[in-house]
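Going down the list, the sequences are from chains A and B.
Per the numbering used here: the first sequence = residues 1 to 293.
Per the numbering used here: the second sequence = residues 1001 to 1297.
Everything on this sheet refers to the single structure shown next.
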Amino acid sequence: MKPGFHYHLMLIPGIILLLMFSVYPMFGIVMAFQDYNPTKGFSGSPWVGWENFTYMFELPDSYLIFKNTVYLAVSKIMANLLLSLIFALLLNEIKHKLLKRSIQTVVYFPHFVSWVLFGGIIAQIFSLDGVVNVILQMLGQQPIQFMASNYWFPALLVGSDVWKEFGFSTIIFLAALTGINPALYEAAGIDGANRLRMMWHVTLPGIRTTVILIAVLSLQNVMNAGFEQILNLYNPLVYHSSDIIDTYVYRIGLLQSQYELGTAVGLLKSVVSILLIVISYKMAVKFANYRIF
Amino acid sequence: MMSTASHVISRVSYGVILAVLLAIAAGSVFPILHILAVSLSDKAAASAGKIFLLPVDMNFAAYSIVFDDRQFFQSFAVSVERVLLGGWVNFAITLLMAYPLSREKEAFSARNVYMWFIIFTMLFSGGLIPWYMAIKQFGMINSIWALVLPTAVPVFNVILLMNFFRNLPKELDDAASIDGAGPWYSLMKLYIPLSLPAIATVTLFSIVSHWNAFFDGLILINVPHKQPLQTYLNQIVVQMNVNRSQMTEEDVKRLALLSDKTVNSAKIFIALFPIAALYPFLQRYFIHGITLGSVKE
């Protein structure tokens, strides 16, 4: 038997599973163009053309969820990028190996905690009788309903996302920082450069490609504003500021059984996401010579 | 003179940097220590929000309530089951796909066709509703397989491991073919033993994501005692906090008397514990993953 036969054999289980759970559901997209009736199925339900899409664009919610999605996603991306970069630069100044490693280990940990648990803790800390409000009251301030205010809630989402994820985002920057040739620092030192000048002339140029790469790849997530996080933290009072495409599809499509509308909104999101992925990948190849395989 | 001054400045700035880093690190562990402190505290103190990092009037009442909670342990058992089952399935599928995909085109002419198919499934998706309806059609609702099979192919892990295999020395294949070893022998006796750290990393990733997943349990499992732990906690703990957030101050005070904040904290801590306990020992594998895929020639 030729080895090729065995290679096919190894791939078969995975391919069948992908066909079942990735490819087969794609045919369900036809629902977006139907007046879908669960008892009649895809073949029996009447076709309505673009009606679901025109209806979607007439809903005032559509613009809101789109705006919320992009606003929250971009805020999170920028905050995470900036803070993890600063953290990595500061950590790079620590020469004590064990200390550096311990700090790294500690800040990575929240990444591995689920949003159910982290969200549960955040909700407790920021509730009316939570520790933050108790501190505010001790300082003579009015308590704040963080979880019920359209002013505070988006900030809480961005803040808690950074809290959970910034550490993990530093890994890639730290890897880039260790890749900088030490001879460059020595040369700068001989030229009389102090720490700050070294950071400006050696460190930052040394990790420029990585920073650009991460920024460009982040573009892929502009449609992903953090479904699991928001689903675990939001409530009807803050829908106005935090309802995003994914939570909307879940509520409208699954909880309220408006399958066609949910599918149409989801499809639109997929199409925009693919465009973003293609653009970001092309930019990554161009600016950072990046390839996934 | 100048050099002493700049020396002092650099010592001070080093101290400031260290202090900032330590404060941030403390912030990273604060939520976990806080929830542990609340879970060990007296009910009344917890309701009053008096707990910061240390338990007040320490007791184990909350834990004894949780240990009597049958549904909590049923959900815990479901989570353990899905981790074991799902972890194995992910492990097997990842190895079986990564190895043939790591072959050169000359050795496996269909390689690129498979690769494009996998990229296609990564790029395009039918979205939530069609995905849900497909699983319903397969009759998997309320079955443990609904938590295992839809995520059985961890595409990202497959690509990570494939890249790792591709970076192993090419002489490996020459040696194998001279010995007359077939693909199965090469995979089992050469590639797997040489890639144990990478395999440990991707397996750990799938175990953690199985333990942490809650949304599939929420929509695919409608029977409470078959729902995994995170789904159960989403419904019990999180929804309660959400409701709490919509209450007036008076409501909150009234509810505070009956508060089960300590019990919920105990549940969160128990769910967190397996990962927190493994983390210090396996952290190099946890962290390895993100740099694994980026090693390329």
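Even for Gly, the Cβ is constructed at its ideal location relative to N, Cα and C.
DSSP places Q1235 (chain B) in the helix class (H, G or I) of the three-state scheme. Below the 8 Å Cβ cutoff, chain B contributes P1031, H1034 as neighbours of I125 (chain A), in chain order. Using a CB distance cut-off of 8 Å, V1153 (chain B) counts as an interface residue toward chain A. G1015 (chain B) is outside the set of residues whose beta carbon lies under 8 Å from a beta carbon in chain A.
Put simply, the CB of L18 (chain A) is near chain B, with a gap under 8 Å to one of its CB atoms. Using a Cβ-Cβ cut-off of 9 Å, R197 (chain A) is close to nothing in chain B; its nearest Cβ partner there is about 12 Å away. When the alpha-carbon of F1269 (chain B) is set against those of A:F118, A:K97, A:F66, the nearest one is in A:F118. Judged by beta-carbon spacing, D161 (chain A) lies within the 8 Å limit of N80 (chain A), meaning their Cβ atoms are closer than that value.
A residue is called buried once 16 or more other Cβ atoms fall within 10 Å of its Cβ, and L255 (chain A), having fewer, is exposed. With a threshold of 8 Å between beta carbons, H8 (chain A) makes contact with chain B. Residues are counted here when their Cβ sits less than 9 Å from a Cβ of chain A; for the stretch 1125–1137 of chain B these are S1125, G1126, G1127, L1128, I1129, P1130, W1131, Y1132, M1133, A1134, I1135, Q1137, given in chain order. Neighbours of S43 (chain A) in chain B, taken as residues at a C-beta separation under 7 Å, are lacking, since the least C-beta distance is about 13 Å. Note on the stretch 1051–1120 of chain B: whole alpha helix (DSSP H) runs with a minimum of 4 residues are 1061–1067, 1070–1101, in chain order. At a cut-off of 8 Å, the C-beta of T69 (chain A) has no neighbouring C-beta in chain B. Taking 4 residues as the shortest admissible run, the stretch 50–117 of chain A contains the following complete alpha helix (DSSP H) segments, listed from N- to C-terminal end: 51–58, 60–92, 97–108.
For A1134 (chain B), the enclosing alpha helix (DSSP H) stretches over residues 1128–1137.
Chain-order list of chain B residues neighbouring V134 (chain A): A1048, G1049, K1050, by C-beta distance under 8 Å. Remark: C-beta atoms of A284 (chain A) and F173 (chain A) do not approach each other more closely than 8 Å. Among the residues facing chain B, G120 (chain A) is included, as its CB has a counterpart in that chain under 8 Å away. Per DSSP, reduced to three states, the secondary structure at Q34 (chain A) is strand. Cβ neighbours of I1017 (chain B) within its own chain (closer than 7 Å, five residues either side excluded): none.
Bridge partners of W47 (chain A) according to DSSP: A:Q34. About 7 Å separates the Cβ atoms of G226 (chain A) and L157 (chain A), confirming a contact at the 8 Å cut-off.
Contact of G262 (chain A) with chain B is assigned, a C-beta pair being separated by under 8 Å. Inter-residue distance for P143 (chain A) and S149 (chain A) is about 12 Å (C-alpha atoms, whole angstroms). Here A176 (chain A) has I207, T210 as same chain residues with Cβ atoms under 6 Å from its own Cβ, once five neighbours each way along the sequence are excluded. Between Y108 (chain A) and chain B, the shortest Cβ-Cβ separation is below 8 Å.
Short of 8 Å from the beta carbon of L90 (chain A), and not among the five residues preceding or following it, lies no beta carbon of its own chain. Judged by DSSP in its simplified three-state form, T1203 (chain B) adopts helix.
Here M1188 (chain B) is exposed: its Cβ has fewer than 16 other Cβ atoms, across all protein chains shown, within 10 Å. Boundaries of the alpha helix (DSSP H) harbouring R1166 (chain B): 1155–1166, taken from the DSSP string. The three-state reading of DSSP puts Q258 (chain A) in coil, since its state is none of H, G, I, E or B. Within the stretch 1100–1114 of chain B, contact with chain A at the beta-carbon level (separation under 9 Å) is assigned to P1100, L1101, R1103, A1107, F1108, S1109, A1110, R1111, Y1114. Fully enclosed alpha helix (DSSP H) runs of no fewer than 4 residues occupy 227–233, 239–242, 245–248 of the stretch 212–276 of chain A, in order along the chain.
The Cβ atoms of D1057 (chain B) and S1047 (chain B) do not sit closer than 8 Å to each other.
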